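With this note's numbering applied, the sequence shown corresponds to residues 31 to 698, in that order. Even glycine gets a Cβ: it sits at the ideal position worked out from N, Cα and C. These numbers were taken from a predicted model, which means no experiment stands behind them.
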Amino acid sequence: MNFVKKTKSVSTVPTWRANLEEDVSAFEMPSPRFDLHVEFARTYDRLFELTDESLLREEELLSNAIRDGRVLLAGRGGGGKTVFLRRCAQRCLKLGYVAVFISLKFFTQQKASVWLDLQSRLAKVDFLLRSLSSAKLGIAELDSLTPSVQRVLLIDGLNEVDAKVAQELIFCLDEYAGTAISTSVVVSDRLVRREFISPHRWSLYAIQPLSLGEVRGQIKSAHKTITNDQQTLLSSPYFLDLYLANGSLGSSSAAEMEAWFVEHSISADELPAAAEAAFRVYSHRSRSFPVDEFQAIAGESTTQKLLISGALTLSGEDALFDHHLKHDFLASHYLADHRELWFKDSFDLVTFSGSSFDAIMMCLEQVAESEADAFIRSVYDWNLYGVGYALSESRHHNVSEQMRHVMVAMFTERRWDLIEPTALKARDTLKLLRDDADSQRFLRYERLDEVLDFIGRSWQGPSWFTQWKELFTTKPKSSVSDAVQHKIKDEDSVIGWTTSNVLRRCILTEAQQAYLRGLVGEPLAVVRWRAIHTLGAFPSHENLTALADAIRDKDLLVRYGGIRSCFESASQASEEVRGETFAILNQNSKFILEYPFLKDEIRRAMLIPRAKRPKSWIKSCVRLISTWQPSESNDDQEKWTRTAQSLFDLPFSENESEVTTEANAITV
């Protein structure tokens, strides 16, 4: 009798793919399950003004991602972006796709440093995959799959890394998605504008707050009740999940986080040390940090309690919080109690240089009423848009009505800025302040005069506010006294900068302009910056000399202001002064090209709409780009190319043939 020997079946699935699928299957998901939706936005403008018209679930977004190739999913902190991407990953498994889920909260400063030094974008994508994917796979493994297998890269938390790294990640993923076979990319981020190599290839979506019906349904199922005022906070999946677990609800996001720590992890007495540790370890500019360093400040007992409660998790010798809002709360708690830290370096630290403003928002919720306006002034000195986010997202704060008015007015005036990226940012911020009636009213106004008239007749307040209002509502083309002009040196940053902006819309005598030129030699850098900012609105040979001095200033912010004012001035100047301005920029390239943020500002400052620029504008900009581009790195060469393309994409008035020669010299 012959027997057929049975052979053990051998799986044809690569080990790395099996590991990926196992990890995705094991994702921990919150319970109960919330009904999460996203809405499609054709442009960033639309992203900031969505109205729940057409909502999609994860299976529909995934289908669109396969079709479109590149998707950016934006949302607020605690909005459910991570959970949504994990659901997409699990949906991929059911469809037989290969899902690579990468969390950028593990992208340490050390990894980022190595990553930035890599020469090609494909090498950067490969490093990202091998260092952060659970299976440690790379591009070679994905390329080994047959073309019929769909690959989906799900990159969670662009806001978890420094702004410079985040932007370069977008470019890398954009390029990879354009060259890899059967590959789609989905990236989660905050509600901030990003640049794309090819904007039309990206589909933008916003994750929506939980619906009122969903919140009420979850509350009813848990046999709990809430007031109407509490529904806003609970439309955040993160805070609804906390509430269902704890049964209590604080008056603000910060109060809710503090209650969680005290009830589930550490005592109120241990909170200050943990808060300082959380603040200090942000010096690593990463969500992960050495646990020993944290423990040295917080104490062994406190650190162990945080680990036991699950607030802290270990990854080798590093630790990170299970949700960035917990880390941000602790850091903000320390920052709120230390006014001496209310300056640029600290704000950059807790926001990854402006990538994520949650720590600023929660700090605002915690500062005392007597210091709230001072805190907002400090944030304003650092980043006006950080103020907008904090005011729009905080549930409770002690900022006075008058200070809120001041900030809204500042945003509004920038709607009419010469430089289009600045005007866009201002409009975005006003849209975020959707609960502020004046912000929405000012978005509808077509002229600055309408805004000034409304403020003059409607806004009231104490004497300091009345003085500010009188200054701010100065009509365009007005003459001003020397006494008003001298307020540009005021120690109060709000008065000083308001004066600088108001003077730009006024008629200044030659003597008054000479006074401003004299301020370029002032000891205080902020006064030099304000003076240069104003002079940019008055193109002349004499003022150009002062702008040239500013470009060489030892203070980089003054240098930044000088560069911006050069472009503003050149766009309104005579052909002769405009030519001199671009020549000065070229002659002083060594003071500019060394600093990426100055080059970025030049690229933005070139983008002036047709109605506000001269006929020769593109020609002048393209000539400068073609002079600088050859000596730049490959990445910067590409950025200059995109800037040149943006100049042509914007509506323009000059004949294209006039700039053909210079344009052909640009590296593509």
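Check	Outcome
Three-state secondary structure assigned by DSSP to residue 319	strand
Residue 132, enclosing beta strand (DSSP E) - first and last residue	128 to 133
Simplified DSSP assignment, three categories, for residue 647	helix
Cβ-Cβ separation, residue 188 to residue 221 (assumed contact under 8 Å), whole Å	Not a contact, Cβ separation roughly 12 Å.
Residue 69 in three-state terms, based on DSSP	strand
Local conformation of residue 213 per DSSP, three classes	strand
Whether residue 201 touches residue 668 by CB criterion (9 Å)	yes
For residue 43, three-class secondary structure by DSSP	coil
Residue span of the beta strand (DSSP E) that contains residue 349, given as start and end	348 to 351
Short Cβ contact (9 Å threshold) for residue 317 with residue 350	yes
Spatial distance of residue 467 from residue 434 (CA atoms)	12 Å
Euclidean distance between Cα positions of residue 247 and residue 264	12 Å
Rounded separation between residue 488 and residue 574 - CA only	40 Å
Of the listed residues 169, 432, 278, nearest to residue 492 (C-alpha basis)	432
Inter-residue Cα distance where the pair is residue 526 and residue 107	33 Å
Residue 594 beta carbon near the ligand COA (any heavy atom closer than 8 Å)	No copy of the ligand COA occurs in the structure displayed, which carries no ligand at all.
Reduced DSSP category for residue 232 - H, G, I as helix; E, B as strand; rest coil	strand
Cutoff 6 Å; reference residue 510; Cβ partners in own chain excluding five residues on either side	536
Presumed contact (8 Å Cβ cut-off) between residue 215 and residue 87, rounded CB distance	Their Cβ separation, rounded to whole angstroms, is 20 Å, which puts residue 215 and residue 87 out of contact at 8 Å.
Closest Cα partner of residue 327 within the set 456, 340, 310, 365	310
Nearest-angstrom Cα separation, counted from residue 156 out to residue 182	15 Å
Residues that DSSP places opposite residue 219 in a beta bridge	104
Nearest to residue 344 (by Cα), restricted to the options 436, 319, 497	319
Which residues DSSP lists as bridging residue 345, in chain order	348
Cβ contact check for the segment 397 to 408 and the segment 449 to 460: 3 or more pairs under 8 Å	no
Residue 40 versus residue 57 - alpha carbon distance	Note that residue 40 scores a pLDDT of 46, beneath 50, so its modelled location is shaky and nothing firm can be said.
Inter-residue spacing [alpha-carbon to alpha-carbon] between residue 114 and residue 219	12 Å
Unbroken stretches of the beta strand (DSSP E), 3 residues or longer, contained in the segment 122 to 184	128 to 133
Straight-line gap, residue 376 to residue 625 (C-alpha atoms, nearest Å)	21 Å
Nearest to residue 281 (by Cα), restricted to the options 512, 396, 384	396
Where residue 531 falls, given that 16 or more other Cβ within 10 Å makes a residue buried	buried
Span separating the alpha-carbon of residue 512 from that of residue 506	17 Å
Three CB pairs or more closer than 8 Å across the segment 117 to 128 and the segment 232 to 248	no
Touch test, the segment 270 to 284 against the segment 298 to 310, Cβ-Cβ under 8 Å, three pairs minimum	no
Start-to-end residues for the alpha helix (DSSP H) that takes in residue 273	267 to 276
Pair within 9 Å by beta-carbon distance, residue 129 and residue 54	yes
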